[in-house]
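To start, the structure under review is shown below, and the notes come after it.
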Amino acid sequence: MKKILLLLALICLLQSESIFGQSAIRTSANFLSIVPDARSAGMGDVGVSTGADANSQYWNVAKYIFAESNSGVSLSYTPWMRHYVNDINLGYLSGYYKFDDNQSISASLRFLSNGKVYVRSDFEQLQLNDNANELAFDIGYSRRLSDKFSAGVELRYIRTLKGAEQGKAMFASGFAGDIALYYQSPLTVFSNSSKLAFGLNISNIGTKIKNSNGNGYFLPANMRLGGSLTMDIKNNHQLTVAADINKLLVPSPTVDENGEVNSNADKSVLGALFSSFGDADGGFKEELKEISFGIGLEYKYLKSFAVRGGCFYEDTQKGMRRYFTFGGGYSFNVITLDVSYLSTYSGVNHPLDNTFRLTLSVNLGKLK
Numbered sequence: 000m001k002k003i004l005l006l007l008a009l010i011c012l013l014q015s016e017s018i019f020g021q022s023a024i025r026t027s028a029n030f031l032s033i034v035p036d037a038r039s040a041g042m043g044d045v046g047v048s049t050g051a052d053a054n055s056q057y058w059n060v061a062k063y064i065f066a067e068s069n070s071g072v073s074l075s076y077t078p079w080m081r082h083y084v085n086d087i088n089l090g091y092l093s094g095y096y097k098f099d100d101n102q103s104i105s106a107s108l109r110f111l112s113n114g115k116v117y118v119r120s121d122f123e124q125l126q127l128n129d130n131a132n133e134l135a136f137d138i139g140y141s142r143r144l145s146d147k148f149s150a151g152v153e154l155r156y157i158r159t160l161k162g163a164e165q166g167k168a169m170f171a172s173g174f175a176g177d178i179a180l181y182y183q184s185p186l187t188v189f190s191n192s193s194k195l196a197f198g199l200n201i202s203n204i205g206t207k208i209k210n211s212n213g214n215g216y217f218l219p220a221n222m223r224l225g226g227s228l229t230m231d232i233k234n235n236h237q238l239t240v241a242a243d244i245n246k247l248l249v250p251s252p253t254v255d256e257n258g259e260v261n262s263n264a265d266k267s268v269l270g271a272l273f274s275s276f277g278d279a280d281g282g283f284k285e286e287l288k289e290i291s292f293g294i295g296l297e298y299k300y301l302k303s304f305a306v307r308g309g310c311f312y313e314d315t316q317k318g319m320r321r322y323f324t325f326g327g328g329y330s331f332n333v334i335t336l337d338v339s340y341l342s343t344y345s346g347v348n349h350p351l352d353n354t355f356r357l358t359l360s361v362n363l364g365k366l367k
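Residue numbering for the sequence shown follows the numbering used here, starting at 0 and increasing by one per position.
Below is the structure:
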């Protein structure tokens, strides 16, 4: 186990380069990209193909079909960017219900309190306002397509409230959707009963969100693709290895001969989705820099105690999120408690450093 964790750390540390350029992609409602639950956060922000739980709504709604329980609910809490501020918090409530082995429904609510912000009053003076927040409400449906394959869709309502400016609430809203696929198959690895799984989730395909100046920005539409291998070792031990890759499906900013940056916000939503694979100024080399990835491990003993680790990597020009993650969990009867911790390795004073998450889940199927 120690050798595996050491190899994982080595992979992350070898990804190092200097910071240059201003080609980070700008999107709205970025809270939609914040990992809400402690289990996946402890595994390097990996979750599109891992085993189903109550938080699968965020990662891959199609996984619910293969959940062991017929229903569950989860509540997560994240103090956000505590390295810089102490009043931004993310809450996440999610749950699901399986009608039978072929159909399920699910829902979730994300709420980000942005703490205290400064806005302009009617007299053009800055004043403190503590009513800035963002929320998203999702409903999902998934269906089994075969013994090993399932699909799901989600619909999402998004609302942002930036407080009040000149006596008027700075309010914006929009709608989005997700499309998800999931495949799992049993196999034998080193004489151990195992499961191989793959997942795909195309998320946040939807309307643009306008800011107070009337400028519209794309939602953080994202394609997440990943695979996982879970091995049951001598009945009491279970090891999962998983990896995800991500690609933002929004236009890359371009720079003209005068150095002016164009965010390409005038493109249509569908046009942005398809052109996002080949619109970067730097060509294919820059497109590769827009791909981020996470690698994670999870070890369970008696399906009750869990230890997790992972790392996440993103190019310096595209956001520079680079961190190690650690986590653990304990299940007792119908209740599971998970925690995670994030430590950056980017070499700069990063706002995400020292982030922790807490998740409480209840297996409603066991209550009957």
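Ideal placement from N, C-alpha and C gives every residue a C-beta, glycine not left out.
Check your understanding: Taking the alpha-carbon positions, what's the H349 to D243 distance?
Key -> 22 Å
Exercise for review: Name the one or two DSSP bridge partners that F325 has.
Suggested key: G308, Y340
Check your understanding: From N221, G176, Y216, D52, pick the residue whose C-alpha is nearest to that of S291; which is it?
Key -> N221
Practice item. Drop a sphere of 10 angstroms on the beta-carbon of E67, count the other beta-carbons inside from all chains shown, and report buried for 16 or more, exposed for fewer. Key: exposed
**Study point:** L366 to G94 span [Cα, whole Å]
**Key:** 15 Å
Practice item. Could you tell me whether the Cβ atoms of L74 and R109 are closer together than 8 Å? Key: no
Review point. N101: which of F136, F148, V240 sits nearest, CA to CA?
Key: F148
Review point. What separation, rounded to the nearest whole angstrom, lies between the Cα atoms of L287 and G281?
Key: 10 Å
Check your understanding: For E368, does the three-state DSSP call read helix, strand or coil?
Key -> Nothing about residue 368 can be read from this structure; the chain reaches only from 0 to 367.
Check your understanding: Just checking my contact of S105 with V60 at CB under 8 Å: how many whole Å lie between their CB atoms?
Key -> 6 Å
Review point. Do F325 and Y340 have their C-beta atoms closer together than 8 Å?
Key: yes
Review point. Whose CA, out of R223, T159, A175, S103, lies closest to the CA of S141?
Key: S103
Review point. When you compare each of Q183, V268, L89 to G226 by their alpha carbons, which one comes out closest?
Key: Q183
Review point. Residues in its own chain within less than 6 Å of R356 by CB, not counting five upstream and five downstream?
Key: A37, A40, T77, S339
Practice item. Find the nearest neighbour of A51 within the set K97, M80, Y91, H82, judged by alpha-carbon distance. Key: K97
**Study point:** Length of the line joining the Cα atoms of Y181 and S202
**Key:** 14 Å
Review point. Which residues share a DSSP beta bridge with N132?
Key: S112, L160
Review point. Since G176 and K62 are thought to touch, with beta carbons under 8 Å apart, how far apart are those beta carbons, to the nearest angstrom?
Key: About 17 Å separates the two Cβ atoms, so there is no contact after all.
Exercise for review: Please state whether DSSP places V268 in a helix, a strand or coil.
Suggested key: helix
Point to revise | Candidates N113, N69, S70: closest to D86 by CA position | key: N113
**Study point:** Assigned exposure category for F65 - 16 Cβ within 10 Å defines buried
**Key:** buried
Review point. Is the Cβ-Cβ distance between V249 and S275 less than 8 Å?
Key: yes
Review point. Excluding the five sequence neighbours on either side, which residues of its own chain have a C-beta within less than 7 Å of the C-beta of L144, listed in chain order?
Key: A150
Check your understanding: Any idea which residues DSSP pairs S291 with across the strands?
Key -> N245
**Study point:** Range of the contiguous alpha helix (DSSP H) that encloses R25
**Key:** Element bounds for R25: n/a, residue is neither H nor E.
Exercise for review: Could you spell out where the alpha helix (DSSP H) holding R38 opens and where it closes?
Suggested key: 37 to 40
Check your understanding: Alpha carbon to alpha carbon, what distance is there between K115 and G46?
Key -> 32 Å
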